[in-house]
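**Student:** The C-terminal residue of the sequence shown carries number 1098 in this note's numbering, and the numbering is unbroken. Please find one structure pasted underneath; my questions will follow.
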Amino acid sequence: MSSQIINVLKKKVAKKTWDNWFSTFELKSVEDDRVVFSVANLFIKDWLQTKYGGVINRSIHEATGKELPFEIVFKNGELSKEETVVHQQAGSLLKRKPLMISNLNPEYTFENFVVGEENRALYEVARDVTRNPGKYNPFFVHGGVGLGKTHLLQAIAQETMTNFPDKKVLYITSEQFMNDMIQSIKENNIQKFRDHYRKRSDVLLIDDIQFLIGKKGVQTEFFHSFNELHDAGKQLIICSDRNPEELDNFHSRLISRFQMGMLMTIQQPEAETRFHIAKKLAQRESVNLPDDVAMILANNIDGNLRRLRGAIIKLIVHSSVYNTRIDISLASMILQSFASSSAVPSSQKPIDQIYDAIEHVMKISREDIKGNNRSKEIVLARQLVMYILKQHFGKQVAEIARDTGKQHPTVIHSIKKIDKSVMMGRGSTKILYDDLIGLLSSRSAAV
652 MSSQIINVLK KKVAKKTWDN WFSTFELKSV EDDRVVFSVA NLFIKDWLQT KYGGVINRSI
712 HEATGKELPF EIVFKNGELS KEETVVHQQA GSLLKRKPLM ISNLNPEYTF ENFVVGEENR
772 ALYEVARDVT RNPGKYNPFF VHGGVGLGKT HLLQAIAQET MTNFPDKKVL YITSEQFMND
832 MIQSIKENNI QKFRDHYRKR SDVLLIDDIQ FLIGKKGVQT EFFHSFNELH DAGKQLIICS
892 DRNPEELDNF HSRLISRFQM GMLMTIQQPE AETRFHIAKK LAQRESVNLP DDVAMILANN
952 IDGNLRRLRG AIIKLIVHSS VYNTRIDISL ASMILQSFAS SSAVPSSQKP IDQIYDAIEH
1012 VMKISREDIK GNNRSKEIVL ARQLVMYILK QHFGKQVAEI ARDTGKQHPT VIHSIKKIDK
1072 SVMMGRGSTK ILYDDLIGLL SSRSAAV
């Protein structure tokens, strides 16, 4: 595996660059949690980390299939007199270099984040966080799947490192936090875990906090880490696919802390924004997408940007394989075959699609669902309507309350109840939900 990493890296770097800068570059070890390289001196180390850190990261991932952080050490731990003089004159490259203790996607920057008016305020607050860490603390961002939350978090991380090179910025997922905690318990070294998260980071960004639902022990550990970092004035940025109020089975004391800072929603991009996003996504694949093609994609694919990117990739690949021009005709063909699970037919609203699906699967009419009948089956149907609007169509609680005519607390209670059954992955409710989603997806794909 070690030789494979070097071979992959060598193919990505020009021969002249390799001869000039990588001639002393060697792989020392590959471990479960990091890769260690060595070079001849500190200056080569600084240069490679600054200029080729992204290339090295990609090479490690390609060779190992894992997102492993890397470290470069220099063979002689002490500087020669000549090196010391040059080092001082250069103003210490190492001191000016951000200390990156996270694996970040180099494409997830503010420059690549296309922002429309619907998310302008969120974007400006996120930029402000990078200039004034601790001003909004915590900064809690929530919204539906595929709207760009991870992109925004990593953009904040990268911009903060640029603005404050001396700050230690740590981006993790809640799953990584949990896995690290479990591993530390197995190794009987929980203090090392605590020090890593509470003392080694000045800015902590945690993604997908909702995956800690039901995991009381991990929540408790995160609660204490949160308190220590917050009390020390360290910036906390948290991301979730739901509002803190909807984090069922979360410690109430943790939810209250999420709500005490800046709480913002990332909205679904409007069609105009999706048009610009489509153009930008194609540019990142070195393709100039015609305006009419970008417009038809924007008008026919919802705000889930992963689906939009998937359609663009499919469009580019088809064009390349069959040597055809990217035009309206090709885009229409791709859209017909592109199974967008939430593409909404122009003649039917999301809630009407759900009513139809429930009538087909559960044999309960929309009139019964909208009425006052409190039988167990009809109450379940109402709750499924609200949950599918939230999870499948990315609607916010306020929108669902308006569309269903229910009170805000009723909507939240319904979503939590169905979410618990679905997350457990068993029971009649989970089977009904899967059947409904399967029907909705098949009908959308046929549009």
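Cβ atoms here follow ideal geometry from the backbone N, Cα and C, with glycine treated the same way.
Between G1056 and F909, what straight-line distance do the alpha-carbon atoms span, to the nearest angstrom?
**Tutor:** On the sequence shown, residue 1056 is found 405 positions in, with the first residue counted as 1. On the sequence shown, residue 909 is found 258 positions in, with the first residue counted as 1. G1056 and F909: Cα-Cα distance of roughly 28 angstroms.
**Student:** What do you get for G728, buried or exposed, if any count of 16 or more other CB atoms within 10 angstroms of its CB means buried?
**Tutor:** Along the sequence shown, one-based indexing puts residue 728 at 77. Note that G728 has pLDDT 46, beneath the 50 cutoff, so the model's placement of it is unreliable and no number is given.
**Student:** Taking the straight line between their C-alpha atoms, what separation do you get for F844 and M984?
**Tutor:** As a first step, residue 844 is located in the sequence shown; it is residue number 193 there, counting from the start. As a first step, residue 984 is located in the sequence shown; it is residue number 333 there, counting from the start. Going from the Cα of F844 to the Cα of M984 covers about 52 angstroms.
**Student:** I'd like to know whether the C-beta atoms of F874 and R904 end up nearer to each other than 8 angstroms.
**Tutor:** Against the sequence shown, residue 874 aligns to sequence position 223. Against the sequence shown, residue 904 aligns to sequence position 253. Contact flag set, yes.
**Student:** Where does Q886 sit, in a helix, a strand or coil, going by DSSP?
**Tutor:** In the sequence shown, residue 886 corresponds to position 235, counting from 1. Three-state DSSP puts Q886 in a strand.
**Student:** Could you compute how far the alpha carbon of I860 sits from the alpha carbon of E936?
**Tutor:** Position 209 of the sequence shown, counted from the first residue, corresponds to residue 860. Position 285 of the sequence shown, counted from the first residue, corresponds to residue 936. About 31 angstroms.
**Student:** Along the chain, where does the alpha helix (DSSP H) that runs through M832 open and close?
**Tutor:** Looking up residue 832 in the sequence shown gives position 181. Here the alpha helix (DSSP H) through M832 covers 825-837.
**Student:** At which residues does the alpha helix (DSSP H) containing E718 begin and terminate?
**Tutor:** Numbered from its first residue, the sequence shown carries residue 718 at position 67. Unbroken run through E718: none, as it is neither H nor E.
**Student:** N900: which of K1041, I864, A665 sits nearest, CA to CA?
**Tutor:** On the sequence shown, residue 900 is found 249 positions in, with the first residue counted as 1. When only C-alpha atoms are compared, the closest one is I864.
**Student:** Should G795 go down as buried or exposed, given a rule of 16 or more other Cβ atoms within 10 Å for buried?
**Tutor:** Translated into the one-based positions of the sequence shown, residue 795 becomes position 144. By the neighbour-count rule (16 or more Cβ atoms within 10 Å), G795 is buried.
**Student:** According to the neighbour-count rule (16 or more other Cβ atoms, all chains shown, within 10 Å of its Cβ), is E923 buried or exposed?
**Tutor:** The sequence position of residue 923 within the sequence shown is 272, counting from 1. It counts as exposed.
**Student:** Along the chain, where does the beta strand (DSSP E) containing K679 start, and where does it finish?
**Tutor:** For the purposes of this step, residue 679 is taken as residue 28 along the sequence shown, with counting starting at 1. Note, K679: beta strand (DSSP E), 677-681.
**Student:** When burial is assigned at 16 or more other CB atoms within 10 Å of the CB, is H1011 buried or exposed?
**Tutor:** As a first step, residue 1011 is located in the sequence shown; it is residue number 360 there, counting from the start. When all chains shown are included, H1011 counts as exposed.
**Student:** Applying the criterion that 16 or more other CB atoms from any shown protein chain within 10 Å of the CB defines a buried residue, is A665 buried or exposed?
**Tutor:** Numbered from its first residue, the sequence shown carries residue 665 at position 14. With fewer than 16 Cβ atoms within 10 Å of its Cβ, A665 is classed as exposed.
**Student:** Hey, quick one: how far does the alpha helix (DSSP H) through M812 stretch, first residue to last?
**Tutor:** Working through the sequence shown from its first residue, we reach residue 812 at position 161. Residues 800-814.
**Student:** Nearest-angstrom Cα distance between Q1047 and G716?
**Tutor:** Your numbering for residue 1047 matches position 396 in the sequence shown. Your numbering for residue 716 matches position 65 in the sequence shown. C-alpha separation (whole angstroms): 36 angstroms.
**Student:** With DSSP collapsed to three states, give me the class of S743.
**Tutor:** Indexing the sequence shown from 1 puts residue 743 at position 92. Residue placement at S743 cannot be trusted, given a pLDDT of 41 that sits under 50; what the coordinates show is reported in the next sentence. Three-state DSSP puts S743 in coil, outside helix and strand.
**Student:** Taking only the alpha-carbon atoms, compute the straight-line gap between Y639 and F721 and give it to the nearest angstrom.
**Tutor:** Nothing in the structure corresponds to residue 639, since the chain is present only between 652 and 1098.
**Student:** Under the DSSP definition of a beta bridge, which residues are partnered with I857?
**Tutor:** Within the sequence shown, numbered from 1, the residue matching residue 857 stands at position 206. Bridge partners of I857: I823, I889.
**Student:** Between the C-alpha atoms of N708 and I888, what's the straight-line distance to the nearest angstrom?
**Tutor:** Within the sequence shown, the letter at position 57 stands for residue 708. Within the sequence shown, the letter at position 237 stands for residue 888. Distance between the alpha carbons of N708 and I888 is about 24 angstroms.
**Student:** Let me check understanding here. Comparing Cα to Cα, which of F725, Y848, S1016 lies closest to F688?
**Tutor:** Taking the first residue of the sequence shown as 1, we reach residue 688 at position 37. Here the closest residue by C-alpha is F725.
**Student:** In the DSSP output, which residue or residues are listed as bridge partners for H793?
**Tutor:** Numbered from its first residue, the sequence shown carries residue 793 at position 142. Partner(s): S891, T916.
**Student:** State buried or exposed for D684, treating a residue as buried only when at least 16 other CB atoms are found within 10 Å of its CB.
**Tutor:** Walking along the sequence shown from the start, residue 684 turns up at place 33. Answer is exposed; the Cβ neighbour count stays below 16.
**Student:** Among V944, D1070, L798, H847, which residue has its Cα nearest to the Cα of K819?
**Tutor:** The residue labelled residue 819 in the question sits at position 168 within the sequence shown. Measuring from the Cα of K819, the nearest candidate turns out to be H847.
**Student:** Compute the Euclidean distance between the alpha carbons of V792 and T781, then round it to the nearest angstrom.
**Tutor:** Your numbering for residue 792 matches position 141 in the sequence shown. Your numbering for residue 781 matches position 130 in the sequence shown. C-alpha separation (whole angstroms): 15 angstroms.
**Student:** Of all the alpha helix (DSSP H) runs that stay within the bounds of the stretch 912-975, which reach a length of 4 or more residues?
**Tutor:** 922-934, 942-951, 956-973, all fully within the stretch 912-975.
**Student:** With 16 as the cutoff for other CB atoms within 10 Å, does Q918 come out buried or exposed?
**Tutor:** Translated into positions along the sequence shown, residue 918 becomes position 267. Under this definition Q918 is a buried residue.
**Student:** When you compare the stretch 768-786 with the stretch 806-816, are there three or more beta-carbon pairs, one atom per stretch, that lie closer than 8 angstroms?
**Tutor:** Yes, since at least three Cβ pairs between the stretch 768-786 and the stretch 806-816 fall closer than 8 angstroms, the two stretches touch.
**Student:** Between the Cα of A806 and the Cα atoms of M829, Q827, Y774, which residue gives the shortest distance?
**Tutor:** Counting from one through the sequence shown, the residue named residue 806 turns up at place 155. Considering only alpha carbons, the answer is Y774.
**Student:** When you compare the CB positions of I1002 and L956, do they come within less than 8 angstroms of one another, or not?
**Tutor:** Counting from one through the sequence shown, the residue named residue 1002 turns up at place 351. Counting from one through the sequence shown, the residue named residue 956 turns up at place 305. Taking 8 angstroms as the Cβ cut-off, I1002 and L956 do not qualify as a contacting pair.
**Student:** Does the separation of the CB atoms of V706 and L660 fall below 8 angstroms?
**Tutor:** Sequence index remark: in the sequence shown, residue 706 carries index 55 (1-based). Sequence index remark: in the sequence shown, residue 660 carries index 9 (1-based). It is a contact, given that the beta carbons lie within the stated cut-off.
**Student:** Starting from V686, follow the alpha helix (DSSP H) in both directions and report where the run begins and ends.
**Tutor:** Indexing the sequence shown from 1 puts residue 686 at position 35. V686 -> not in any alpha helix (DSSP H); beta strand (DSSP E) instead, spanning 686-690.
**Student:** Give me, in chain order, the residues of the same chain whose beta-carbon lies closer than 8 angstroms to that of A933; leave out the 5 immediate sequence neighbours on both sides.
**Tutor:** Start at 1 with the first residue of the sequence shown, and residue 933 comes out as number 282. Only N939, L940, A945, I963, I967 meet the Cβ criterion.
**Student:** Count the other C-beta atoms from every protein chain shown that fall within 10 angstroms of the C-beta of G797, then say buried if there are 16 or more, exposed otherwise.
**Tutor:** For this step, residue 797 is matched to residue 146 along the sequence shown. With 16 or more other Cβ atoms within 10 Å, it is buried.
**Student:** In three-state DSSP terms, what is L1083?
**Tutor:** Position 432 of the sequence shown, counting from 1, holds the residue named residue 1083. Residue state, collapsed to three classes: helix.
**Student:** Does E872 pass the burial test, meaning 16 or more other C-beta atoms within 10 Å, or should it be called exposed?
**Tutor:** In the sequence shown, residue 872 corresponds to position 221, counting from 1. Its Cβ being crowded by 16 or more others within 10 Å, E872 is buried.
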